[in-house]
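Taken in order, the sequence shown gives residues 37 to 149; the numbers are from our numbering.
Contents: one structure, followed by commentary.
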Amino acid sequence: MQFNRFRDFYPYYLAEHADRRCRALHYIGSTLVLVVLAYAVLTQQWLWLVLLPILGYGFAWFGHFVFEKNKPATFKYPLYSLLGDWVMYGQFLLRLVGIKVGPTPPAADKVAS
37 MQFNRFRDFY PYYLAEHADR RCRALHYIGS TLVLVVLAYA VLTQQWLWLV
87 LLPILGYGFA WFGHFVFEKN KPATFKYPLY SLLGDWVMYG QFLLRLVGIK
137 VGPTPPAADK VAS
């Protein structure tokens, strides 16, 4: 599967996050990224920034491997996946992302962030 625009990729991204537990782990990781980033900036303790990819990707990848049983799209679509995560997080905060979001792509193409 190939995507030339983010707007084409995003429905696929949401479909790969159908499991509520996986989404919850994404939201937890994203929230922790923002908290640690704010802490590092406010205290000027820059070493904390090392935790950002561990928190952001660690929670998300755990959700994909354990609950979604799919491969994170970060490996195939790194920029779209990063953007997708923050768009999904924003929609979660605005209560725009529901539980059922669309069809699941064919198993052969299972890749999500």
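Here a beta-carbon is modelled for each residue, glycine too, at the ideal position from N, C-alpha and C.
Because the structure is a prediction, the values reported are computed rather than measured.
The alpha helix (DSSP H) spanning residue i covers which residue range?
i: Tyr93; result: 87-99
i: His62; result: 56-79
i: Phe39; result: Note, Phe39: premise wrong, no alpha helix (DSSP H); not H, not E.
Which residues in the same chain as residue i place their Cβ atom closer than 7 Å to its Cβ, once the five residues preceding and following it in sequence are excluded?
i: Ala76; result: Trp82, Trp84, Leu85
i: Gly92; result: Gly65, Ser66, Val69
Among the options, which residue has its Cα nearest to the Cα of residue i?
i: Phe101; options: Phe42, Trp122, His62; result: His62
i: Leu73; options: Leu88, Ala60, Arg59; result: Leu88
Compute the beta-carbon to beta-carbon distance between residue i and residue j, rounded to the nearest angstrom, for a pair I have assumed lies under 8 Å.
i: Arg57; j: Gly120; result: The Cβ separation is near 18 Å, so there is no contact.
i: Asp55; j: Phe103; result: 4 Å
How many angstroms separate the CA atom of residue i from the CA atom of residue j?
i: Phe42; j: Tyr48; result: 10 Å
i: Asn106; j: Lys112; result: 13 Å
i: Arg131; j: Trp122; result: 14 Å
i: Phe39; j: Leu115; result: 12 Å
i: Glu52; j: Phe45; result: 11 Å
i: Gln80; j: Ile90; result: 20 Å
By Cβ distance, which residues of its chain are closer than 6 Å to residue i, with the 5 residues on each side in sequence left out?
i: Arg59; result: His53
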